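Per this note's numbering, residue 162 is the first one in the sequence shown, and the count goes up by one each step. C-beta: ideal position from N, C-alpha, C; glycine also. If you're wondering where the values come from, they're calculated on a predicted model, not measured in any experiment. Only one structure is covered here, and it is reproduced in the block below.
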Amino acid sequence: MVAAQDLNDIDGQGYILNRNHLAACRLNLQHYLWKEAIGFLIEPSISLPDDASVADVACGDGIWLLDAYASRLLPKAQLKGFDVDLSQAPHSNWLPSNITFNEWNIFEDIHPRWEGQFDFVHVRLLVLVLSGEARKPFVERLYKLLKPGGYLQWDELDPHHMHVRKIDDSIASPAMDQLRDICYSSGRQDWTLQIPELLSEAGFADTKMTEFGDPTYLARTFNELHMLTIEEMASGVARTGKRELAVRMQTLIGDANSEAINGVVLCIPRIVVVARRPL
């Protein structure tokens with residue numbers, strides 16, 4: 162029997178990306194590219210008090226919080242990051258007094274002390290982490306974190322509209338096409354477009370979703386980020402035992418680089434969903 166050559170079997174395997182220094186560099190690059198592409202850290206329609214209490218959930222190395230601090234968007238805000246693994250975050254001795262990091266496994270209930278404590282909760286890129294049964298409880302936990310009237314901003318990928326983009330349709334792109342098919346995996350992550358419905362079902366109000374594509378001048382740059390991410394994914398896939406698929410992914414990345422030089426890129430649009438906990 163031939164092993165499946167897609168990513169449908171990795172659900173339930175946890176976080177399959179790495180947590181080393183290279184992975185932290187990927188997170189940092191990813192953050193600044195997202196900021197450039199969408200044009201903001203906090204969606205402009207969201208109005209927050211100067212002394213807002215802000216949470217970044219699944220914060221990784223904390224780059225979103227650090228940039229929010231450096232940008233002085235909310236100079237008096239209390240900024241808290243949450244993640245199950247804080248090994249990539251800065252040591253507490255290196256942080257300003259209004260930034261703290263806290264351990265929290267998003268698949269478990271929040272500590273009672275955090276319930277109703279935040280004016281704003283930010284989430285980004287859980288597409289590889291949340292499987293079907295885990296999504297509803299996670300959204301309910303986000304709701305609990307917020308104060309009445311508080312805002313949620315969820316930045317996510319739109320894998321449903323993932324596509325290969327070319328400067329000329331006549332250019333052959335077998336490697337990039339295959340990587341797209343592996344990552345798409347028959348639409349396994351199309352659920353991200355249902356985030357507004359998930360939020361509404363959990364009691365959120367004023368839910369809206371905005372879509373962001375790749376500006377032409379950033380298309381190649383985002384492609385390099387995707388290749389870096391897929392390379393990490395290949396390592397994670399190998400750890401789950403799917404070594405044949407992992408080797409294939411690595412080979413395709415090398416071939417796709419030649420195609421990128423000729424004007425072929427992988428595009429994965431982004432969405433930003435904003436919602437509010439009713440007063």
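Classify LEU318 as helix, strand or coil using the three-state DSSP reduction.
-> strand
Can you tell me which of ASP211, SER208, SER206, LEU202 puts its alpha carbon nearest to the alpha carbon of ASP217?
-> LEU202
Identity of the residue in GLY402, LEU359, TYR230 nearest GLU294 by Cα | LEU359
Excluding the 5 residues preceding and the 5 following SER206 in the sequence, name in chain order all residues of the same chain whose CB lies nearer than 6 Å to its CB.
-> none
Between the beta-carbon of GLU264 and the beta-carbon of LEU287, is there less than 9 Å?
-> no
DSSP on VAL290, reduced to helix/strand/coil?
-> coil
Per-residue burial, ASP280 [other beta carbons within 10 Å of its own, 16 or more giving buried] = buried
How many Å lie between LYS327 and ALA238 at the Cα?
-> 44 Å
Give the DSSP-derived three-state secondary structure of THR382 in the structure shown.
-> helix
Would you mind sorting LYS241 into buried or exposed? The rule is 16 or more other CB atoms within 10 Å of its CB.
-> buried
Taking only the alpha-carbon atoms, compute the straight-line gap between GLY424 and PRO309 and give it to the nearest angstrom.
-> 49 Å
Proximity test, LEU340 beta-carbon vs the ligand FMN heavy atom, cut-off 8 Å | Looking at this structure, you won't find the ligand FMN or any other ligand, since it has none at all.
So the beta strand (DSSP E) GLN239 belongs to, where does it begin and stop?
-> 239-244
Are MET337 and ALA421 touching if we call contact CB-CB under 9 Å?
-> yes
If we count the other Cβ atoms within 10 Å of its Cβ and call it buried at 16 or more, is LEU440 buried or exposed?
-> Burial call: exposed.
Applying the criterion that 16 or more other CB atoms from any shown protein chain within 10 Å of the CB defines a buried residue, is TYR378 buried or exposed?
-> exposed
Work out the CA separation of ASP244 and ASP270 for me, nearest whole Å.
-> Those two C-alpha atoms are separated by around 13 Å.
Distance, Cα to Cα, GLY374 vs LEU354?
-> 14 Å
Would you check if the distance between the CB atom of ILE224 and the CB atom of ASN179 is smaller than 9 Å?
-> no
Between the Cα of ILE177 and those of HIS272, SER396, ILE356, ARG274, spot the shortest distance and give me the residue it belongs to.
-> The option with the nearest alpha carbon to ILE177 is SER396.
Who are the Cβ neighbours of ALA366 in its own chain at under 6 Å, not counting the five residues just before and after it?
-> Excluding sequence positions up to five before and after ALA366, its CB lies within less than 6 Å of the CB of ARG437, PRO439, all in the same chain and listed in chain order.
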